[in-house]
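A.B. asks: I am attaching a structure below and will ask some questions about it afterwards.
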Amino acid sequence: MDQANRLIQNTKKKFLILSVLGISLISFFSIIALSWYNDTISHQQAMQKSSALLSHQISLVSKISSLSERFDDLNTGVEHEQLQAEFRELIIQLEGEQRRFKDWQNEVDDLKYKVLGKVIDEKGTTKELDLFIRKAKELLNDNSYSYIDIKKKIISLTANYRNNLNADFSKAIEQIAQEQTESSSKQNNMAFLLVGICVLQFFLVWFLVFRPLYTTIIEQHNRIVDSIHRVEKANQSKTEFLANISHEIRTPMTAILGYADLLRNQSIPDKDKVGAVKIINHNADHLLGIIDEILDISKIEAGKLDYVYEDIELSRLLNEVFSLMNVRAQEKGIDLILRSDGKIPVGINIDKKRTKQILFNIIGNAIKFTDKGFVEVQTSYDKSTELLTFLVKDTGKGIKQEEVDKLFKPFEQADNSLQREYGGTGLGLVLSRKLAQGMGGDVNIIHSQENIGTTLEITLKVGELSEEQLVSSLSTHIEEEVDVKHSLNDLANTCILVVDDAKENARLFETYLKQAGAQVQVANNGQNAIDIASENFFDLILLDLQMPGKDGFEVIKELRDKAFTKPIVALTAHAMQEERDKTKKAGFDEHLTKPVTPSDLVKSVAKLIKNRSKSVSA
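In structure tokens form, the structure reads like this:
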């Protein structure tokens, strides 16, 4: 879920950034195109105005030239005055147009238009036109001339300036036409460029926004599809695992319930009853082992598995494992070989329970999948890495290379079908690897070949060891430990209160304790336990935690508040370390986990009572 949320957030962020970038590029090119368009339009308008101003002047010069030719045909003074008035009006208009052209030249910003005015100035057109206008006005304002003299002077003045002015104005008009042609060509080019910019913007938006977004969507889709496939595969594996677990649980349960029913109905000969009880115990232990595996995996996945380190003798630990595993190997007719390679530690500081659990799982698997040949366990120690190594080699079934990775995934086995030849929960290797990794080591398959055998390596971090702490050989001699049973009088003269809402369990514990000589009372709920403990003396109380009404934590609080100082033991099915920490914090003297054997129960109770008696007497 966190990965999906991060992917969504990254997609949103990427889309926002790319959208801003795309909009910025579009805006940039659009502003450039708009600016260019405005400049082109302004240029066109200016050229049109320039052309109009010059055209007006040319037109007036032409009219003045035509009017001057009419002076030759004058015969009377009246006609002369009329033409002179027209001539004056045209000169005034020409002067006005000339002034407007100069003003426009001064106001315009475009360099090209100034150049146009400069060309006209270089030709002397402006000066010549100004001189023509000034002389024409002087001539018209001078009253000393007769109309015949004025006629001659107007004809002469017009003839002198007409050709030059027409040539200069024609040159200016040609330049304007050239500018307009160039402007029109640029406008056409700009149109093509704008089309190109639009196409470029389209591709930029595609490559910078939509293509990355499309890629991200495809990537998300592929991830989702991959996640769905993984979930479906995981669900399939879990379904098969649950079916397998159901089989693994129901198989011992069938034996337990079946033989228990035979014993209850007394439909089994007396000579076979001991064997039936052994079968029940064996299957119950197997069932408990399955449950412990599942719980251990759950605790490891939750990061709540604690390791208890202690100093142990390595050879004794290996002999304990060897003695149990060798029985299974002999049952299958294969050899179990234990040997060392180089110097190995005499003693190590490690979690004994978890180390034995790893060895039992790995060696047990090797024996399970080996029908003939041998299983060899080679022990070595590397001073440079401070790792203790167990190399477990068998001549068994072997594993296909493509199946190796499955072995270290929860709920998976190399053969996970209903028709498996071998049993098991599929958790052994997974649990062993995680336990080894938790102790600074690992479990790896070094080599495996189908129908040839498998070699697995177990490494555990045991720290730096001196030469004095190492020995050259490993004894495979198995020392049989004598099972010292507790005497029937171990709990003699003691009074114990058993508190458990499960009446069958309470009766069972009562029987265990009475067999050891204790006097026992039973309470089936918390309030009843408080009442009985308040009215009677007890050396110790066995207290269940999870009960209706007042639970074990409420009961111990009230008992301690009532000054009950004797040991109180939590006897519960809660096996997690946090539960042990919780009971310790609540004031319990011991935490015993169900199921518990009679010897373990009696031993723990006797030890607590004895220690309390010593502390009181001291």
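Numbering follows this note's numbering, in which position 134 of the sequence shown is assigned residue number 661; successive positions increment by one, without gaps.
Where is the CB? At the ideal position from N, CA and C, for every residue including glycine.
1. Distance check for Lys910 and Gln536, CA to CA, integer angstroms please.
2. If you drop the 5 nearest sequence neighbours on each side, which residues of the same chain put their C-beta closer than 6 Å to that of Leu886?
3. Classify Val1132 as helix, strand or coil using the three-state DSSP reduction.
4. Could you spell out the range, first to last residue, of the beta strand (DSSP E) harbouring His1118?
5. Which residues in the same chain as Ile806 place their Cβ atom closer than 7 Å to its Cβ, once the five residues preceding and following it in sequence are excluded?
6. Tell me whether Phe729 is buried or exposed, calling it buried when 16 or more other Cβ atoms sit within 10 Å of its Cβ.
7. So the beta strand (DSSP E) Glu913 belongs to, where does it begin and stop?
8. For Gly1079, count neighbouring Cβ atoms within 10 angstroms of its own Cβ and tell me buried if that reaches 16, exposed if not.
9. Following a CB-centred definition, is Gly923 positioned closer than 7 Å to any heavy atom of the ligand GDP?
10. I need the boundaries of the beta strand (DSSP E) containing His974, first residue and last residue.
11. Please state whether the Cβ-Cβ distance between Leu841 and Val804 is less than 8 Å.
12. Starting from Leu1098, follow its DSSP beta bridges and name the residues at the other end.
13. State the start and end residues of the unbroken alpha helix (DSSP H) segment that holds Asn1032.
14. In the DSSP assignment, what are the bridge partners of Gln1046?
15. Around the C-beta of Met966, are 16 or more other C-beta atoms found within 10 angstroms, so that it is buried, or is it exposed?
16. Measure the C-alpha to C-alpha separation of Lys629 and Leu543 and round it to an integer number of angstroms.
17. Tell me, please, whether the region 821 to 836 touches the region 1089 to 1105 by the rule of three or more beta-carbon pairs shorter than 8 Å.
18. Less than 8 Å between C-beta atoms, sequence neighbours within five positions excluded: which residues of the same chain meet that for Phe1064?
19. If I follow the unbroken alpha helix (DSSP H) through Asp1181, where does it start and stop?
20. Where does Glu840 fall in DSSP's three states?
21. Could you please give me the residues that DSSP links to Asn876 through a beta bridge?
22. Taking the DSSP output, what are the residues bridged to Val904?
23. Would you mind working out which of Ile618, Gln571, Leu667 sits nearest Ala704, comparing C-alpha positions?
24. Which two residues bound the contiguous beta strand (DSSP E) that contains Leu987?
25. From Gln1042 to His813, what distance separates their C-alpha atoms?
26. Using the C-alpha atoms, what's the distance from Asn565 back to Ile724?
27. Could you give the DSSP three-state label for Val998: helix, strand or coil?
28. I'd like to know whether the C-beta atoms of Leu997 and Ile875 end up nearer to each other than 8 Å.
29. From Asn1020 to Glu1031, what does the alpha carbon distance come to, in whole angstroms?
30. Compare the Cα-Cα distances from Ile985 to each of Glu977, Ser993, Val957 and report the closest residue.
31. Please determine if the region 1083 to 1101 and the region 1051 to 1070 are in contact, where contact requires at least 3 C-beta pairs separated by less than 8 Å.
32. Is the Cβ-Cβ distance between Ser595 and Thr685 less than 8 Å?
33. Do Ile894 and Lys924 have their C-beta atoms within less than 8 Å of each other?
34. What residues in its chain sit with their C-beta under 6 Å from that of Gln976, if we drop five residues either side in the sequence?
35. So, for Ser907: in the same chain, excluding its five sequence neighbours on each side, which residues have a beta-carbon less than 6 Å away from its beta-carbon?
36. Can you tell me the Cα-Cα spacing of Cys992 and Glu913, whole angstroms?
C.D. replies: So, from the data block:
1. Stepping through the sequence shown from its first residue, residue 536 is reached at position 9. Stepping through the sequence shown from its first residue, residue 910 is reached at position 383. Using only the alpha carbons, I get a separation of about 49 Å.
2. Taking the first residue of the sequence shown as position 1, residue 886 is located at position 359. For Leu886, where only same-chain residues beyond five positions count, the Cβ hits under 6 Å are Val848.
3. What you label residue 1132 is simply residue 605 of the sequence shown in a count that begins at 1. Val1132 falls in the helix class under three-state DSSP.
4. As a position in the sequence shown, residue 1118 is number 591, starting the count at 1. Segment 1117 to 1120, the beta strand (DSSP E) holding His1118.
5. Here residue 806 refers to the residue found at position 279 of the sequence shown. Answer for Ile806: Ala782, Tyr786, listed in chain order.
6. Position 202 of the sequence shown, counting from 1, holds the residue named residue 729. So Phe729 ends up on the exposed side.
7. For the purposes of this step, residue 913 is identified with residue 386 of the sequence shown, where counting begins at 1. First-last for Glu913: undefined, no H or E at that position.
8. In the sequence shown, counting from the first residue as 1, residue 1079 sits at position 552. With 16 or more Cβ atoms within 10 Å of its Cβ, Gly1079 is classed as buried.
9. Ligands displayed in this structure: none; no statement on the ligand GDP is therefore possible.
10. Taking the sequence shown and counting its residues from 1, one reaches residue 974 at position 447. Run containing His974: 969 to 976, per the beta strand (DSSP E) assignment.
11. Walking along the sequence shown from the start, residue 841 turns up at place 314. Walking along the sequence shown from the start, residue 804 turns up at place 277. No, Cβ-Cβ distance for Leu841 and Val804 is not below 8 Å.
12. Position 571 of the sequence shown, counted from the first residue, corresponds to residue 1098. DSSP output for Leu1098 lists Leu1119 as bridge partner(s).
13. Walking along the sequence shown from the start, residue 1032 turns up at place 505. Taken as a continuous stretch (DSSP letters only), the alpha helix (DSSP H) holding Asn1032 covers 1030 to 1042.
14. Position 519 of the sequence shown, counted from the start, is the residue given in the question as residue 1046. By DSSP's assignment, Gln1046 forms a beta bridge with Cys1022.
15. Your numbering for residue 966 matches position 439 in the sequence shown. Looking at its Cβ environment, which holds 16 or more other Cβ atoms inside 10 Å, Met966 is buried.
16. For this step, residue 629 is matched to residue 102 along the sequence shown. For this step, residue 543 is matched to residue 16 along the sequence shown. Approximately 55 Å, taken between the alpha carbons.
17. Between the region 821 to 836 and the region 1089 to 1105, the count of Cβ pairs shorter than 8 Å is three or higher; the stretches touch.
18. Within the sequence shown, residue 1064 is the residue found at index 537, counting from 1. Cys1022, listed in sequence order.
19. Look at the range of the chain in this structure, 528 to 1145, and you will see that residue 1181 is not part of it.
20. Stepping through the sequence shown from its first residue, residue 840 is reached at position 313. Here Glu840 sits in strand by DSSP.
21. On the sequence shown, residue 876 is found 349 positions in, with the first residue counted as 1. Beta bridge pairing from DSSP links Asn876 with Asp838.
22. Translated into the one-based positions of the sequence shown, residue 904 becomes position 377. As a beta-bridge residue in DSSP terms, Val904 pairs with Leu865, Val919.
23. The sequence position of residue 704 within the sequence shown is 177, counting from 1. Closest by alpha carbon: Gln571.
24. The residue given as residue 987 occupies position 460 in the sequence shown. Leu987 -> beta strand (DSSP E) spans 980 to 988.
25. As a working mapping, residue 1042 is identified with position 515 in the sequence shown. As a working mapping, residue 813 is identified with position 286 in the sequence shown. Rounded to the nearest angstrom, the two C-alpha atoms are 26 Å apart.
26. As a working mapping, residue 724 is identified with position 197 in the sequence shown. As a working mapping, residue 565 is identified with position 38 in the sequence shown. If you take the alpha carbons of Ile724 and Asn565, they lie about 17 Å apart.
27. Taking the sequence shown and counting its residues from 1, one reaches residue 998 at position 471. Strand at Val998.
28. To locate residue 997, count along the sequence shown from 1; it is residue 470. To locate residue 875, count along the sequence shown from 1; it is residue 348. It is not a contact, given that the beta carbons lie outside the stated cut-off.
29. Along the sequence shown, one-based indexing puts residue 1020 at 493. Along the sequence shown, one-based indexing puts residue 1031 at 504. Each residue's Cα considered, the two are about 25 Å apart.
30. The residue you call residue 985 lines up with position 458 of the sequence shown. Closest option to Ile985, Cα to Cα, is Val957.
31. yes
32. Position 68 of the sequence shown, counting from 1, holds the residue named residue 595. Position 158 of the sequence shown, counting from 1, holds the residue named residue 685. A contact, by the Cβ cut-off of 8 Å.
33. In the sequence shown, residue 894 corresponds to position 367, counting from 1. In the sequence shown, residue 924 corresponds to position 397, counting from 1. Taking 8 Å as the Cβ cut-off, Ile894 and Lys924 do not qualify as a contacting pair.
34. Translated into positions along the sequence shown, residue 976 becomes position 449. Excluding sequence neighbours, Gln976 sits near Gly925.
35. Taking the sequence shown and counting its residues from 1, one reaches residue 907 at position 380. Counting only Cβ-Cβ distances below 6 Å, and skipping sequence neighbours, we find Asp868, Gly869, Thr916.
36. Here the question's residue 992 lines up with position 465 in the sequence shown. Here the question's residue 913 lines up with position 386 in the sequence shown. First, the amino acid is wrong: residue 992 is Leu here, not Cys. One C-alpha to the other measures close to 8 Å.
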